[in-house]
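In my numbering, the protein residues as written are 165 to 621. We treat Cβ as the ideally placed atom computed from N, Cα and C, and that holds for glycine. Just so you know, these numbers come straight off a predicted model, no measurement behind them. Only one structure is covered here, and it is reproduced in the block below.
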RNA sequence: GGCGACGUAGCCAAGUGGUCUAAGGCGGAGGUCUGCAAAACCUCUAUUCGUCGGUUCGAAUCCGACCGUCGCCUCCA
């Protein structure tokens, strides 16, 4: 299996260093509802995880919550709640959203507020080694000490300064130096430290947590492309300076960003669709199919038509899984060539668009073979199995509420009687009226089936 | 200004030197089935890959220029 590594800029054969694959994925800063851009990112890493496990690897997945930060403090003050309460609320929401999207939970979700002692240890060590220095209650990382600084972003320190948007910063020796520890302002959450009360800077928490939960070398570190610089660049600098071991990360994986209209979807720009809004309109599977229909490293635009079209596409895959009736009279359909193609696609840096194309090919083959009377049970099992690798179940997620089901079935029964007596006008009226209420009827050789149409407009 | 990515059918999106007269999905057209529908199935729907040059026996795929879009350089998945 090959994975594209941002650091080297090439696809390389992947194998974990030890018995388990060590995966760290950057989590969220919980101060606002989860949006579909997060969903896309975590879905990409969900598929990575499912595929690695499918390939027989054991895996340990750590994902942080940055639950102390300027934006959290600001949001908490403006809403008149304490920062831990605000963070807790959004963390809970985030986990619920991930569950709703069928994204597997990480094995560990460390939080900055619970890791401060370890973060302080790391900062202290960096100061002792000369990689960091103290200035007015802040502690900064000395970027100039790291000759490779900029290697992940493929930039040099000089070229970054030429960009000119660097703020000098009071106590900084070098404009690109970044804070490991920030002195507390009045009323802010703070912890004691050798440099006075304060809180961790933005990047150090990931270094400390990754080191503590996974060790000095990670097999895979993931996140959105917007984290490459400065966040991940700084993680490399901190961790390698601290451990003295190289490389900190063997494979850097970054997903392309979701756009809304012409711009990246982001909290700061305010152009976003929350996961809850999306799930109110579309099924989780349609959203998943939409995201996976594009390669994880490519940017993708979120559009209603796009997700809606996947809702219809999904119906085709589900239809291919409807049970076969009658006993097969022809040779069974052999799904192995499809399986091979699926694996080849996934082995090539998780080429989910191609893998999905294989699933549609297999679905078509199943439908065709079934009409010809061939045994499709094995092929259907393969479709189900490969779908599950992508996190799909293809089950008719019918919000079949107990209240109306018996009545709908009664109406269908009566319509059946009408049809038997060739009272088609009345029968069609029933079907039309149910249709306008969002209930779709289909007359099949096995009888009439119904399903609820998802409102999509 | 610096660094990087991308531009493939009506829409979305794979493919990155010959198997490509380019996968798959949505949409569209015709047909089979059906009381009529729906679903399913079959057939068709880019001789062409932003534009212009170049390299090569051969390019959507490599190189150059140009046009356009986006990302990072500041918080961000």
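Comparing alpha-carbon positions, which option in 388, 543, 378 lies nearest residue 403? 378
### Task
Taking 8 angstroms as the cut-off, decide whether the C-beta atoms of residue 383 and residue 187 are in contact.
yes
| From which residue to which residue does the beta strand (DSSP E) around residue 488 run? | Where residue 488 is concerned, there is no enclosing beta strand (DSSP E), given that its DSSP letter is neither H nor E.
Own chain partners of residue 189 with C-beta closer than 6 angstroms, once the 5 adjacent residues on each side are dropped: 209, 227, 386
First and last residue of the uninterrupted beta strand (DSSP E) at residue 631: Limits of the chain in this structure are 165 at one end and 621 at the other, which puts residue 631 out of reach.
| query | How about residue 298 and residue 359: are their beta carbons less than 8 angstroms apart? | reply | yes
* Where does the unbroken beta strand (DSSP E) through residue 115 begin, and where does it stop? -> Absent from the structure is residue 115, since the part of the chain shown begins at 165 and ends at 621.
Q. Do the CB positions of residue 307 and residue 296 come within less than 8 angstroms of each other?
A. no
Let me check understanding here. Comparing Cα to Cα, which of 424, 390, 613, 600 lies closest to residue 418?
390
Tell me which same chain residues have a C-beta within less than 8 angstroms of the C-beta of residue 621, skipping the five on either side of it? Only weak support is given to the placement of residue 621: the predicted model assigns it a pLDDT of 32, under 50, and the value that follows is read from those uncertain coordinates. Once the five neighbours on either side are set aside, residue 621 has no close Cβ partner at all.
Exercise for review: Within its chain, find whatever has a CB closer than 6 angstroms to the CB of residue 317; leave out the 5 residues flanking it on each side and keep chain order.
Suggested key: 392, 393, 397
* Asked: According to DSSP, is residue 447 helix, strand or coil?
  -> coil
- Do you know offhand how far residue 531's Cα is from residue 319's? 53 angstroms
Note to self: the ligand ADP and residue 176: does any heavy atom of the ligand fall closer than 7 angstroms to the residue's C-beta?
What the structure shows: With respect to small molecules bound, the structure shown includes none, and the ligand ADP cannot be examined in it.
For residue 355, list the residues DSSP reports as bridge partners.
362
Check your understanding: Candidates 410, 559, 423, 407: which alpha carbon is nearest residue 480's?
Key -> 559
*Of the residues 400, 569, 616, 495, the one placed nearest residue 539, counting alpha carbons only*: 495
Would you mind sorting residue 497 into buried or exposed? The rule is 16 or more other CB atoms within 10 Å of its CB. buried
ask   = Given a threshold of 16 other Cβ atoms within 10 Å of its Cβ, counted over all protein chains shown, does residue 624 qualify as buried or as exposed?
value = Residue 624 falls outside the range modelled here, since the chain spans only 165 to 621, and no answer is possible.
DSSP bridge partner residues for residue 612 (one or two, in chain order)
607
(request) Can you tell me which of the three DSSP states residue 298 falls into? (result) strand
Considering only residues of the same chain and omitting the five flanking positions on each side of residue 166, which have a CB-CB separation below 8 angstroms? 175, 176, 177, 178, 511, 512, 513
| residue 280 to residue 364 span [Cα, whole Å] | 7 angstroms
- Please confirm whether residue 602 and residue 616 have their CB atoms less than 8 angstroms apart. yes
Item to complete: Please report the residue range of the beta strand (DSSP E) in which residue 541 lies.
Response: Run containing residue 541: none in the beta strand (DSSP E); it sits in the alpha helix (DSSP H), 541-553.
Check your understanding: Between 456, 234, 555, 410, which lies nearest to residue 420 when the distance is taken from Cα to Cα?
Key -> 456
In whole angstroms, what is the alpha-carbon distance linking residue 241 and residue 287? 28 angstroms
Item to complete: Can you grab the Cα-Cα spacing for the pair residue 551 / residue 557, in whole Å?
Response: 6 angstroms
Can you give the beta carbon distance from residue 440 to residue 265, rounded, assuming they're within the 8 angstroms contact cut? Not confirmed; about 11 angstroms, so no contact.
* Asked: Quick one: what's got a C-beta closer than 7 angstroms to residue 171's C-beta in the same chain, skipping five residues either side?
  -> 315, 316, 416
Original post:
Got a sec, what are the start and stop residues for the alpha helix (DSSP H) residue 435 sits in?
Top reply: Element bounds for residue 435: n/a, residue is neither H nor E.
Pop quiz: residue 367 and residue 395 are said to be a contact at Cβ under 8 angstroms. What is the actual Cβ separation, rounded to whole angstroms?
6 angstroms
Checklist entry - Roughly how many whole angstroms lie between the Cα atoms of residue 247 and residue 353? => result 8 angstroms
Have a look at residue 199 and residue 374 and give me their C-alpha separation to the nearest angstrom. 25 angstroms
> Going by other Cβ atoms of all chains shown within 10 Å of its Cβ, with 16 needed for buried, is residue 399 buried or exposed?
Replying inline: buried
Completely contained beta strand (DSSP E) runs for the segment 244-325, where each covers 3 or more residues = 296-299, 302-305
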